[in-house]
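Some notes on the structure that comes next.
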Amino acid sequence: MGAFDMLGIAHSSLTTHQTWLDTLSHNIANASTARPTDQAAFQAQFVMAEAQDAGGVRVSGLALGDPEGRMVHQPDHPLADENGYVRMPDIDMGAQMSQLIMAQRGFQAQTSVIRNAQDVYSSALSIGRNA
Amino acid sequence: MSIGAIEPGGFLPFAPPTIDPVTTPTAAPAAGAAPVGASAGVDFASMLTTGIERLEGLQDRADSLAVQAATGDLSQIHDYTITATEAAVSTQLTTAVRNKALEAFQEIMRIAI
Chain A
271 MGAFDMLGIA HSSLTTHQTW LDTLSHNIAN ASTARPTDQA AFQAQFVMAE
321 AQDAGGVRVS GLALGDPEGR MVHQPDHPLA DENGYVRMPD IDMGAQMSQL
371 IMAQRGFQAQ TSVIRNAQDV YSSALSIGRN A
Chain B
1121 MSIGAIEPGG FLPFAPPTID PVTTPTAAPA AGAAPVGASA GVDFASMLTT
1171 GIERLEGLQD RADSLAVQAA TGDLSQIHDY TITATEAAVS TQLTTAVRNK
1221 ALEAFQEIMR IAI
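Going down the list, the protein sequences come from chains A and B. Each residue of the first sequence is one higher than the last, beginning at 271 in this note's numbering. Each residue of the second sequence is one higher than the last, beginning at 1121 in this note's numbering.
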């Protein structure tokens, strides 16, 4: 354990949350990405988080969503097959948006921890100071 | 009465004492006897040098991240802000130790003979 562990742990958490936000951005950006039916649909990315023994969290990997997707009948779509279907990703925008809020709040909570850590360090430094 | 030297605990990462139930009886007295000795002045000097070296490394890291931020190569903003915070707090800690040492020295110089 070091003197600045609080900052190191907060750093790992912020990095993980940022990865989470990145994947959510990627998923939302591709929520309407159509593919021809003979190809796999866009697969949503999900962050797998893992606690670290030395403290903190890290991204252990990215899980991918269903390649099956949803078959949507859109005959006028340039990628539609002979039956008029395209493959859309199986992404629930509502779920993505609520995860976005969770990731954002998690990030903010961790920045409050850092602010708190700074207060703790400065009060420790002020011990025994004259004036 | 002997006054122990300022130990390097403030600068180095705090290592919580690990108590091994098997080796405790033999290890404990040796550990207790070690810190206070005649080489207290050398300890403080080397502690100060290590502390300043660590501080220099931290500031170098913060500087290189600041350059990355300026050139647009910084992938994560908090990388820089956290390193800069750590460097700032370390600087304050180093100056606090230095001020305390100087204070103690001046206090001793003021002793009337």
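A virtual CB, placed ideally from N, CA and C, is assigned to each residue, including glycine.
For A/Phe316, the secondary structure class from DSSP, reduced to helix, strand or coil, is strand. Per DSSP, A/Leu395 is one residue of the alpha helix (DSSP H) stretching across 363-395.
Against chain B, a Cβ distance below 9 angstroms from A/Ala280 picks out His1198, Ile1202. In the same chain as A/Ala311, and ignoring 5 residues on each side of it, the C-beta atoms closer than 7 angstroms to its own belong to Arg305, Pro337, Glu338, Gly339, Arg357, Met358, Pro359, Asp360, in chain order. In the displayed model, A/Gly331 falls within a strand according to three-state DSSP.
Per the Cβ contact rule, the stretch 271-281 of chain A is in contact with the stretch 1201-1209 of chain B (3 or more Cβ pairs under 8 angstroms). The three-state secondary structure of B/Ala1216, taken from DSSP, is helix.
Taking a Cβ-Cβ cut-off of 7 angstroms, the neighbours of A/Gln288 in chain B comprise Gln1196, given in sequence order. Cβ contact annotation for A/Ile298 (same chain, cutoff 6 angstroms, sequence separation greater than five): Gln366, in chain order. The beta-carbon distance between A/Trp290 and A/Val317, rounded to whole angstroms, is 5 angstroms. This is short enough to meet the 8 angstroms contact definition. Straight-line measurement puts the Cα of B/Ile1231 at about 58 angstroms from the Cα of A/His287.
Chain B has a Cβ within less than 8 angstroms of the Cβ of A/Gln388. Shown here, A/Ala301 sits in coil according to DSSP, grouped into three states, outside any helix or strand. Distances from the alpha-carbon of A/Tyr355 to those of A/Gln309, A/Ser382, A/Ser283 put A/Gln309 closest.
With a 10 Å radius around the Cβ and a threshold of 16 neighbouring Cβ atoms, A/Ser382 comes out exposed.
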